[in-house]
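Start counting the sequence shown at 373; every next residue gets the next number (our numbering).
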Amino acid sequence: MEIKPQVETFARIKVVGLGGGGSNAINRMIAANLKGVEFIAINTDAQALHHSDASKKVHIGKTTTRGLGAGSDPDIGRKAAEESSEEIYESLKGADMIFLTCGMGGGTGTGAISVVASLAREVGALTVAIVTKPFSF
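What follows is the structure in structure tokens.
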């Protein structure tokens, strides 16, 4: 008679907030007590990153932005993500599924999301992006 141990396998899910909008989104998820996922905040703005509730924080573009943010310039956000691609890749490793969230009106999220999505693909994770688009009043 063979006894098989009960093994529970769960997908390893990471939720990544990019820039100010993405960081705000994951802070709300954390405040809502969402469990079973790892939260990662990625930002060029060192001060905003310090205030994030995420368990893992990745400061990108230290040379490009000197910690001062992307100034609403998506090109700077992209360059910052490219500069820090190794750190981003390391933070994504081990995930089966990655949710990316950001606002498409600033610099960091708008510019970095395509770089981070490519790295998530390299990791081999199913990747879903949820973005907000600003509207005029």
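Virtual Cβ for every residue (Gly too), placed ideally from N, Cα, C. Owing to the predicted nature of the structure, the values given are computational and were not obtained by experimental measurement.
Return the CA-CA distance between ALA383 and MET476, expressed in angstroms with no decimal places.
28 angstroms
Please report the straight-line C-alpha distance between VAL387 and GLY443, rounded to a whole angstrom.
24 angstroms
From PHE507 to GLU462, what distance separates their C-alpha atoms?
A straight line joining the alpha-carbon of PHE507 with that of GLU462 spans about 34 angstroms.
Residue range of the unbroken beta strand (DSSP E) whose run includes GLY475:
469-475
What residue from GLY479, THR480, LYS505, ILE398 has the CA that sits closest to VAL409's CA?
Nearest option by C-alpha distance: ILE398.
For the beta strand (DSSP E) that HIS431 lies in, which residues bound it at each end?
428-431 is the span of the beta strand (DSSP E), which, as asked, contains HIS431.
Please report the residue range of the beta strand (DSSP E) in which THR482 lies.
Segment 480-495 is the alpha helix (DSSP H) holding THR482; no beta strand (DSSP E) there.
Given 8 angstroms, three or more beta-carbon pairs between the region 422-429 and the region 492-508:
No: the two stretches stay apart, fewer than three of their Cβ pairs being nearer than 8 angstroms.
When DSSP labels each residue in this structure, what does LYS505 get in the three-state scheme?
coil
Quick check for students: name the residue ranges of the beta strand (DSSP E) that lie wholly in the region 395-449, counting only runs of 3 or more.
As summarised for the region 395-449, the continuous beta strand (DSSP E) elements at least 3 residues long and confined to that stretch are 409-415, 428-431, given in chain order.
Would you please state the rounded distance, in angstroms, between the beta carbons of ALA501 and LEU464? I believe it to be under 8 angstroms.
About 14 angstroms; that fails the 8 angstroms criterion.
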